[in-house]
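Undergrad: Take 1 as the starting number for the sequence shown in the working numbering and just add one per residue.
C-beta: ideal position from N, C-alpha, C; glycine also.
Values in this document were obtained by computation on a predicted structure and should not be read as measured data.
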Amino acid sequence: MSAIPVFAPQTVIEPFRVKVVEPLPLPSRAERERALELAHGNLFNVRAQDVTIDLMTDSGTSAMSQEQWAAMMRGDESYAGARSFFEFERVVRELTGKKHVIPTHQGRAAERILFGVVGGAGRSIPANTHFDTTRANVEASGAEAVDLVIPEGLDPESEHPFKGNVDVARLATFLETHAGKVPLVLVTITNNSGGGQPVSLTNMREVRRVCDRFGVPLFLDAARFAENAWFIKQRDPGQQERSAREIAREMFGLADGALMSMKKDGFGNMGGFLVLNDDALALECRNALILTEGFTTYGGLAGRDLGALAVGLEEVLDERYLAYRIASTRYVWDHLRAAGVPLLAPAGGHAVYLDARRFLPHVPPAELPGQSVSIALYREAGIRSVEIGTVMFGHTLADGTQQPAALDLVRLAIPRRVYTQSHMDYVVEAVIHVHAHREALGGYRITEEPARLRHFTCAFAPL
Ligand SMILES: *Cc1c(COP(=O)(O)O)cnc(C)c1O
């Protein structure tokens, strides 16, 4: 028998197999047309049962593992001091190294509590980029939310490996000119509003040094901390030999506290936390928690949720999972890039972003090119994406025209452990098909809109 070369597969396989199946809705083109009509062109108003591949968000849409489901069955629903809380507390504390672990029903509840305590008029919260609910909670407290991401983070075509990095020089200047007015610095990992781009460990260490110099605490907005740790392992010099867990623990160790939406890297359908070391601040936050969320050992969650989240937080650092996760996002990005589809570069962790202005150069930003691409993907293939551009961040001017946002993107967010490679091949094929026929797509106008957060409910008509 002659030896054959060692099998070194190029295919990155899903590191799980399917145990429970959920039928995939396959509406016909006529049914999709009808659904679009009923929704007035707003994909938030389309029922999920009319969507074949739902890439609207990666938040709360993960598939749970058998161990998470088992933890659900073991959930302790005692009002106070439930066993499930102590499992949750142990896992969160082991990862973050923080003394106080406060569960919340989702990320924005932790934001409201923290900024309700440390925010207020005259204060400023600098960050790389504030996520939209974070910004809204900072501003609702009366404080100012300031974005200080590096310039490459704002350039859709820059291939910088850590486009989520904080501009450390600008941060130092900001802390100097706002002495006494900054209760904390926030670093979002990965930088969601900047395209899911990571922050390097090197950058986080520099931010820590600047915070120390000015005596200001550092907090993380850690919704996608595991994806960020994996990017550091891949791209940050000298980090290749360390485990994702070691890197994640160092990231949290650099901070004085953290907030997390566990609907992302917690593999939860609901949940979040706030962690910190400061005793006095923790006491105030717990009092605020009791007022609106619930007692300190459940914070708006069922015992079974806490149990499943504790398991999820351990599973997400499995390196076979992280390698697959980042490779599968990259897979979609690579195939679209090779076909000449204009994309935000480089591939992020949780989503692929189409650059709608370059996708539809004949549709001016005021005519909502992102909405047009998003509607076409649904009409042609039943794929639901989300416009992140003029609909979300622009506004209607006095003459009825649109003030465009900085960019017009269409986000294809990839739920965790939900879709297979053939689903992604279908998505790639659909995007390439729509791109090939882009000249046939026209612009849209908004026919009705509410005063705030219009993208959720406004109505559209083709021009
Ligand atoms: C999702 C998210 C939040 C808000 O969390 P919710 O659980 O949706 O309330 C905050 N920050 C970042 C970076 C997020 O991605």
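Candidates Leu148, Gly153 and Glu157: which alpha carbon is nearest alanine 169's?
TA: Leu148
Undergrad: According to the neighbour-count rule (16 or more other Cβ atoms, all chains shown, within 10 Å of its Cβ), is arginine 34 buried or exposed?
TA: Exposed is the call here.
Undergrad: State yes or no: is the C-beta of threonine 188 within less than 8 Å of the C-beta of threonine 129?
TA: yes
Undergrad: Is phenylalanine 131 close to ligand 1? I mean its beta-carbon at under 7 Å from any heavy atom of the ligand.
TA: Relative to the non-hydrogen atoms of ligand 1, the Cβ of phenylalanine 131 comes within a distance shorter than 7 Å of at least one.
Undergrad: Which complete alpha helix (DSSP H) runs does the stretch 174-262 hold, if anything under 4 residues is left out?
TA: 201-214, 225-235 and 244-254
Undergrad: Determine contact between the stretch 388-397 and the stretch 291-306, defined as no fewer than three beta-carbon pairs at a distance below 8 Å.
TA: no
Undergrad: For lysine 181, I'd like the list of residues in its chain whose CB is within less than 7 Å of its CB, leaving aside the five on either flank, ordered along the chain.
TA: Gly122, Arg123 and Ser124
Undergrad: Go ahead and pull the three-state DSSP assignment for aspartate 408.
TA: coil
Undergrad: Let me check you understand the geometry: is the CB of arginine 108 closer than 7 Å to at least one non-hydrogen atom of ligand 1?
TA: yes
Undergrad: Within this structure, are the beta carbons of lysine 233 and alanine 244 separated by less than 8 Å?
TA: yes
Undergrad: Tell me where the beta strand (DSSP E) around tyrosine 444 begins and ends.
TA: Its beta strand (DSSP E) spans residues 444-448.
Undergrad: Taking C-alpha atoms, which residue in Thr173, Val410, His437 and Phe456 lies nearest to valine 146?
TA: Thr173
Undergrad: Does at least one heavy atom of ligand 1 sit under 7 Å from the Cβ of threonine 96?
TA: No.
Undergrad: Tell whether a beta-carbon distance below 8 Å holds between alanine 381 and methionine 56.
TA: For the 8 Å CB-CB criterion, alanine 381 and methionine 56 do not form a contact.
Undergrad: Out of Val352, Gly307 and Tyr426, point me to the one whose CA is closest to arginine 90's CA.
TA: Of the candidates Val352, Gly307 and Tyr426, the one whose C-alpha sits nearest the C-alpha of arginine 90 is Gly307.
Undergrad: Determine the contact status of glycine 60 and methionine 270, defining contact as a CB-CB distance below 8 Å.
TA: yes
Undergrad: Which residue or residues does DSSP assign as beta-bridge partners of isoleucine 125?
TA: Ala145
Undergrad: Just the Cα atoms here: how many angstroms apart are valine 275 and glycine 81?
TA: 18 Å
Undergrad: In the DSSP assignment, the beta strand (DSSP E) including phenylalanine 273 goes from what residue to what residue?
TA: Note, phenylalanine 273: beta strand (DSSP E), 272-276.
Undergrad: Counting pairs of beta carbons, one from the stretch 69-77 and one from the stretch 426-441, are three or more of them closer than 8 Å?
TA: Too few Cβ pairs lie closer than 8 Å, so no.
Undergrad: Which residues bound the beta strand (DSSP E) around tyrosine 353?
TA: 351-355
Undergrad: Let me know the secondary structure DSSP gives proline 103 once reduced to three states.
TA: strand
Undergrad: Should the stretch 405-419 be called in touch with the stretch 383-390, which here means at least 3 C-beta pairs below 8 Å?
TA: yes
Undergrad: Specify the secondary structure class of histidine 435 as computed by DSSP and reduced to three states.
TA: helix
Undergrad: Taking valine 418 as the reference, give the member of Pro5, Thr11, Thr202 and Pro23 with the closest Cα.
TA: Pro23
Undergrad: Report all residues from its chain with a CB closer than 6 Å to the CB of phenylalanine 115; omit the five preceding and five following residues, and keep chain order.
TA: Asn137, Val138 and Ser141
Undergrad: Is the Cβ-Cβ distance between glutamine 68 and valine 311 less than 8 Å?
TA: yes
Undergrad: Beta carbon of arginine 47, beta carbon of arginine 379: below 8 Å?
TA: Not closer than 8 Å, so no.
Undergrad: Could you please give the first and the last residue of the uninterrupted alpha helix (DSSP H) stretch that includes proline 5?
TA: No alpha helix (DSSP H) holds proline 5; DSSP gives it neither H nor E.
Undergrad: How would you write the range of the alpha helix (DSSP H) that isoleucine 326 sits in, first residue to last?
TA: 319-338
Undergrad: If you run the structure through DSSP and keep just helix, strand and coil, what is histidine 395?
TA: strand
Undergrad: Is any heavy atom in ligand 1 found nearer than 7 Å to the beta carbon of glycine 488?
TA: Shown here, the chain extends from 1 to 463; a query on residue 488 therefore has no answer.
Undergrad: Using 8 Å as the threshold, is the C-beta distance between histidine 433 and isoleucine 53 below it?
TA: no
Undergrad: Hey, alanine 356 and proline 346 are a contact pair by Cβ (cut 8 Å); roughly how many whole angstroms apart?
TA: Wrong, their Cβ atoms sit about 18 Å apart, outside the cutoff.
Undergrad: How about asparagine 137: is its Cβ closer than 7 Å to a heavy atom in ligand 1?
TA: No, the Cβ of asparagine 137 stays beyond 7 Å of every heavy atom of ligand 1.
Undergrad: For leucine 343, which of helix, strand or coil comes out of DSSP?
TA: strand
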